[in-house]
Amino acid sequence: MATQIGSQVEKGKGKTLNSQKTDKWLSRKATRLASILAASLAGLLLPVMPAVHAAETITVWHYFSGNPSQEKVMTDYKSIFEKANPGVTVENVYVPYDQMNSKLLAAASTKTGPDVVVFNGAETSLLADGGILAPMDTYWSAFADTAQFPASVIHKANGKVYSAQGYVNLLGLWYNADILAKIKMPIPTSLASMERAMAAAKKAGYKGITLCGLPQGQGEWQAMPIISSTGFNYGTLDEKSLTAGLAIAKNWVDKGYLSKEATTWDQTVPFQKFLVGDTLFAENGNWQAGAATGAKFKYGVAALPIGTKGKIYLGGEGEGIGAFSKNKDLAWSYLKSTYFSKTGQLVVVPVGSIPSRLDSAKDTMVTSNKLLKPFATEIAKNGANYPPSEIPATKINDAQTAGGVAWSSVIGATAKPANAAQQYIAAIKALKG
Amino acid sequence: MADLKTKLSIQAVWSTQRKGNYLLYAVPAVILLTLLSAFPLIQLARMSISEVGIRNITGSWKNVGLSNFKFIIADPNFRQILVNTLVFVGIVTFFGLLLGFFAATAFNDNKKSSDFLLAFMVFIWALPPIVNGSVWKFLLGGDGFINVMFQKAHLISEPIPFLYDPKFALYSVAIVNCWAVIPFNALILKAAFKSVSKDILEASEIDGVTKFQQIRYVYFPSSRPTLLVLAILTLVYGFRSFDFIYVMTYGGPGLATNTLPFLGYIKAFVQFKFSQGAAIALLSAIFTSGLAFLYSRNVMKEEEND
Numbered sequence: 478m479a480t481q482i483g484s485q486v487e488k489g490k491g492k493t494l495n496s497q498k499t500d501k502w503l504s505r506k507a508t509r510l511a512s513i514l515a516a517s518l519a520g521l522l523l524p525v526m527p528a529v530h531a532a533e534t535i536t537v538w539h540y541f542s543g544n545p546s547q548e549k550v551m552t553d554y555k556s557i558f559e560k561a562n563p564g565v566t567v568e569n570v571y572v573p574y575d576q577m578n579s580k581l582l583a584a585a586s587t588k589t590g591p592d593v594v595v596f597n598g599a600e601t602s603l604l605a606d607g608g609i610l611a612p613m614d615t616y617w618s619a620f621a622d623t624a625q626f627p628a629s630v631i632h633k634a635n636g637k638v639y640s641a642q643g644y645v646n647l648l649g650l651w652y653n654a655d656i657l658a659k660i661k662m663p664i665p666t667s668l669a670s671m672e673r674a675m676a677a678a679k680k681a682g683y684k685g686i687t688l689c690g691l692p693q694g695q696g697e698w699q700a701m702p703i704i705s706s707t708g709f710n711y712g713t714l715d716e717k718s719l720t721a722g723l724a725i726a727k728n729w730v731d732k733g734y735l736s737k738e739a740t741t742w743d744q745t746v747p748f749q750k751f752l753v754g755d756t757l758f759a760e761n762g763n764w765q766a767g768a769a770t771g772a773k774f775k776y777g778v779a780a781l782p783i784g785t786k787g788k789i790y791l792g793g794e795g796e797g798i799g800a801f802s803k804n805k806d807l808a809w810s811y812l813k814s815t816y817f818s819k820t821g822q823l824v825v826v827p828v829g830s831i832p833s834r835l836d837s838a839k840d841t842m843v844t845s846n847k848l849l850k851p852f853a854t855e856i857a858k859n860g861a862n863y864p865p866s867e868i869p870a871t872k873i874n875d876a877q878t879a880g881g882v883a884w885s886s887v888i889g890a891t892a893k894p895a896n897a898a899q900q901y902i903a904a905i906k907a908l909k910g
Numbered sequence: 098m099a100d101l102k103t104k105l106s107i108q109a110v111w112s113t114q115r116k117g118n119y120l121l122y123a124v125p126a127v128i129l130l131t132l133l134s135a136f137p138l139i140q141l142a143r144m145s146i147s148e149v150g151i152r153n154i155t156g157s158w159k160n161v162g163l164s165n166f167k168f169i170i171a172d173p174n175f176r177q178i179l180v181n182t183l184v185f186v187g188i189v190t191f192f193g194l195l196l197g198f199f200a201a202t203a204f205n206d207n208k209k210s211s212d213f214l215l216a217f218m219v220f221i222w223a224l225p226p227i228v229n230g231s232v233w234k235f236l237l238g239g240d241g242f243i244n245v246m247f248q249k250a251h252l253i254s255e256p257i258p259f260l261y262d263p264k265f266a267l268y269s270v271a272i273v274n275c276w277a278v279i280p281f282n283a284l285i286l287k288a289a290f291k292s293v294s295k296d297i298l299e300a301s302e303i304d305g306v307t308k309f310q311q312i313r314y315v316y317f318p319s320s321r322p323t324l325l326v327l328a329i330l331t332l333v334y335g336f337r338s339f340d341f342i343y344v345m346t347y348g349g350p351g352l353a354t355n356t357l358p359f360l361g362y363i364k365a366f367v368q369f370k371f372s373q374g375a376a377i378a379l380l381s382a383i384f385t386s387g388l389a390f391l392y393s394r395n396v397m398k399e400e401e402n403d
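Sequence order for the protein chains is U and Z.
Residues 478 to 910 in the working numbering are what the first sequence spells out, letter by letter.
Residues 98 to 403 in the working numbering are what the second sequence spells out, letter by letter.
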């Protein structure tokens, strides 16, 4: 280093001060010029050079917002995969629930789209039909753990596997234990005891129940346990049973247990209302377990008291690979090490979701979780596959809308249960052909 | 004489060439307009007479004639949805114009406070409907600001079910929609008022007219052409309104706030029956154009008679 400085001094010997300054200025200018030129060239060349990092980025489209626990799962999966695959970036992209399908379709029409899609598993056939999802057969058949997945969480269309669920979601009866204690009522085990508790709560100045009454899929999802408790199902389409089921909701509204405002609530809002602490029950899902930890009262979950006839849809998000993913192998690798792996599935337990793998479901983390126990009971006793097999898979959205409208009409008192039932059944019959 | 003829013919050719050149300049704009307006309309019309679903949206479309229209009209809920649409459009158009006119007259001075208020209103108008709708949903909720305020003032004992009772829901959403269009109408009408001759205003003041008479006999007749255009614009705005319904009620309770544009959305983007959605959109467009045509023809006739 010293020699170099010495040689520079030697080189400067014999020159005037001004010329030395000029040399330095020129040298600085040349350096700057060279830097700018290099940067420009780099900028020009970058787009034509092979995008090593771009190829190692996978995009995951999901619709989780407003529930920090669910959002955390997405960031946890990102960390897990990026840690295991240095140089790979996982880009989580939030798309509102209502816009997910139309945005996927819009992207597919220009032959683009996400690498991984986390969507409503019941709509697999619809998305497969639209050319939005890529078949996963090759990956699935080579997957060593397929035996761990029950058939109900593997979604097929035209005989091919298009998605699978990493967990199962379902509805239960959340209760405010403090209010139950104050009104001296037990945890309900039948519809009659549930209504007795709501009557007592109302008398004591509390609200009875919160649920979703939107005239769309979420409303239909919440309606099903209640309307099926009287014997209604898509197979027999018995109008009398459906009328009786819808009358239960009407009775709750008439007696002031349930607010008509439920017709403007999606599934998130009623749980936020429940967390305020002045409502006895909430018909809501296991995925609210994370949100519930913020409650300032004692709470618990019981199985929905819907008897032996009642059915609770076993839902949850399906995970699939985008049809226009440029890196399907990496997308599969992501799914395999997160949603479909034993350890990956345990990440969803704090959210309240039940892992779909048999080995994960047996993990002590799941079996020792008191909140998950009632849901596990429900799966065994009242669990029903979703979408229901009686409805053509590609027409499931029509059925959801028809059910949601009937449910909302009764809660909002725009139709009598008998009329709503009649219209609902007519719509389903038309779908079944 | 021959020279003159030659001169004239040269001028004529030159003029024609110039005209031709001018037309050439318009070609890019015509192409752009055709691409942006005519092409989507043609596609919409084609889609409405075809069978288009999620499977073939990017493929070939089978012609099914008018069956989509028949299916929509035969829907048992169509009548209720059409009535909802007409009530909704009626409220938005009538109150949007009336209150816009009042706001324009109220702000029709040179005070800075008026300019500030109008600017503030325009800011509200410029906010995305999703934001406006969410704020109003919160304000009108059972335990929302308005109900809580009324209850605290002991004006009501039970909350008013603005958005979840079939008697109120449609009117509530229509009024919020109307509220959003008032600033725009007020701004346009205020500009129209500015064009009223000062002589007429001075003459009316010398005649000793009251403020109300000035509005009735000077401003109202002077702004009629603007009002006509605004009426059509507001009617179209009301007819295509979808955002506020989507955010505030999602068409419910039941079908209480379901209108044709919302039904079109459900058909096209929830059930993926694109052709039925297109049929509804086309029906709405024809209906709006028809109303606008009838209205403008009547007003023009009146003006001719005057």
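Beta carbons are placed, not taken as given, at the ideal position from N, Cα and C, and that holds for glycine.
Predicted model, so just to flag it, every value in this text is computed and none were measured.
Quiz item: Counting Cβ pairs closer than 8 Å, one from the region 583 to 594 of chain U and one from the region 834 to 851 of chain U, do we hit at least three?
Solution: They do not touch, by the three-pair rule.
Quiz prompt | Interface partners of G607 of chain U on chain Z, CB under 7 Å | solution = I151 and R152
Quiz prompt | Beta-bridge pairing of P832 of chain U - partner residues as DSSP gives them | solution = U:Y644
Practice problem: Using a Cβ-Cβ cut-off of 8 Å, state whether Y268 of chain Z counts as contacting chain U. | Solution: no
Quiz item: Can you list, in chain order, the residues of the region 248 to 267 of chain Z whose Cβ is nearer than 9 Å to any Cβ on chain U?
Solution: P256, P258, L260, Y261, D262, P263 and A266
Self-check item: Beta-carbon gap between L757 of chain U and M675 of chain U smaller than 8 Å
Solution: Yes, these two residues count as a Cβ contact at 8 Å.
Quiz item: Can you tell which of U:Y790, U:T552 and U:W651 has its C-alpha closest to the C-alpha of F774 of chain U?
Solution: U:W651
Exercise. Within 10 angstroms of the Cβ of I139 of chain Z, are there 16 or more other Cβ atoms? Answer buried if so, exposed if not.
Key: exposed
Quiz item: Name the residues in the region 340 to 373 of chain Z whose C-beta lies less than 9 Å from a C-beta of chain U; which are they?
Solution: Result list: Y343, M345, T346, Y347, G348, G349, P350, G351, L352, A353, N355, I363, A365, F366, V367, Q368, F369 and K370.
Practice problem: Using a threshold of 8 Å, state whether the C-beta atoms of A883 of chain U and A897 of chain U are closer than that. | Solution: yes
Quiz item: At a Cβ threshold of 8 Å, is P173 of chain Z touching chain U?
Solution: yes
Exercise. Flag this pair as touching only if the region 215 to 222 of chain Z and the region 714 to 724 of chain U have three or more C-beta atom pairs under 8 Å; answer yes or no.
Key: no
Exercise. State yes or no: is the C-beta of Y334 of chain Z within less than 8 Å of the C-beta of V189 of chain Z?
Key: yes
Self-check item: Partners in chain U for T155 of chain Z, counting only beta-carbon separations shorter than 7 Å
Solution: S586
Quiz item: What is the DSSP secondary structure of T536 of chain U, counted as helix, strand or coil?
Solution: strand
Quiz item: Within 10 angstroms of its Cβ, does L130 of chain Z collect 16 or more other Cβ (buried), or is it exposed?
Solution: exposed
Quiz item: If you measure from the beta carbon of G238 of chain Z to each beta carbon in chain U, is any gap under 8 Å?
Solution: yes
Quiz item: CB-CB under 7 Å to D875 of chain U, same chain, minus the five flanking residues each way: which ones, in chain order?
Solution: Taken in chain order, the residues that qualify are L908.
Exercise. Could you tell me the distance, in whole angstroms, from the CA atom of S157 of chain Z to the CA atom of I151 of chain Z?
Key: Rounded to whole angstroms, S157 of chain Z to I151 of chain Z spans 12 Å at the Cα level.
Quiz prompt | Test: R394 of chain Z CB closer than 8 Å to a CB of chain U | solution = no
Quiz item: Does the Cβ-Cβ distance between I178 of chain Z and L360 of chain Z come in under 8 Å?
Solution: I178 of chain Z is a Cβ neighbour of L360 of chain Z, given a cutoff of 8 Å.
Practice problem: Can you pull the chain Z residues whose beta carbon is under 7 Å from the beta carbon of S830 of chain U, in chain order? | Solution: Simply none; closest approach about 25 Å.
Quiz prompt | C-alpha distance - K492 of chain U paired with G564 of chain U, whole-angstrom precision | solution = Confidence is the limiting factor: at K492 of chain U the pLDDT is only 44, short of 50, which leaves the residue's position unreliable, though a coordinate-based value still follows. Approximately 52 Å, taken between the alpha carbons.
Self-check item: Partners in chain Z for T740 of chain U, counting only beta-carbon separations shorter than 7 Å
Solution: Identification of chain Z residues near T740 of chain U by a Cβ-Cβ cut-off of 7 Å yields Y261, G349 and P350, ordered along the chain.
Quiz item: Who are the near neighbours of F185 of chain Z in its chain, counting only those whose CB is closer than 6 Å to its CB and skipping five residues on each side?
Solution: Taken in chain order, the residues that qualify are A271 and T356.
Self-check item: Chain-ordered chain Z contacts of A892 of chain U [CB-CB under 7 Å]
Solution: G351
Practice problem: Have a look at U:W538, U:H539 and U:G543 and flag the residue whose alpha-carbon is nearest the alpha-carbon of A769 of chain U. | Solution: U:G543
Quiz prompt | Interface flag, I888 of chain U vs chain Z, CB-CB below 8 Å | solution = Proximity of I888 of chain U to chain Z, defined by a Cβ-Cβ separation below 8 Å, is satisfied.
Quiz item: What are the residues of the region 663 to 697 of chain U that lie near chain Z, defined by any Cβ-Cβ distance shorter than 9 Å?
Solution: G690, L691, P692, Q693, G694 and G696
Exercise. Could you tell me which of U:N635, U:A611, U:S640 and U:A634 sits nearest to T623 of chain U, measuring between CA atoms?
Key: Restricting attention to U:N635, U:A611, U:S640 and U:A634, the CA atom closest to the CA of T623 of chain U is found in U:S640.
Quiz item: Which residues of chain Z have a Cβ atom closer than 8 Å to the Cβ of S542 of chain U, listed in chain order?
Solution: Around S542 of chain U, no beta-carbon contact reaches into chain Z at under 8 Å, the shortest distance being about 14 Å.
Quiz item: Looking at the C-beta of L812 of chain U, does it have a partner C-beta in chain Z at a distance below 8 Å?
Solution: no
Quiz item: Just the Cα atoms here: how many angstroms apart are Y261 of chain Z and G348 of chain Z?
Solution: 10 Å
Quiz prompt | Residues bridged to A759 of chain U (per DSSP) | solution = U:W651 and U:T687
Self-check item: Continuous beta strand (DSSP E) stretch holding L163 of chain Z: start and end
Solution: Per DSSP, L163 of chain Z belongs to no beta strand (DSSP E) and is neither H nor E.
Quiz prompt | Cβ shell of V645 of chain U (< 6 Å), same chain only, five flanking positions each side left out | solution = L791, G793, I831 and S833
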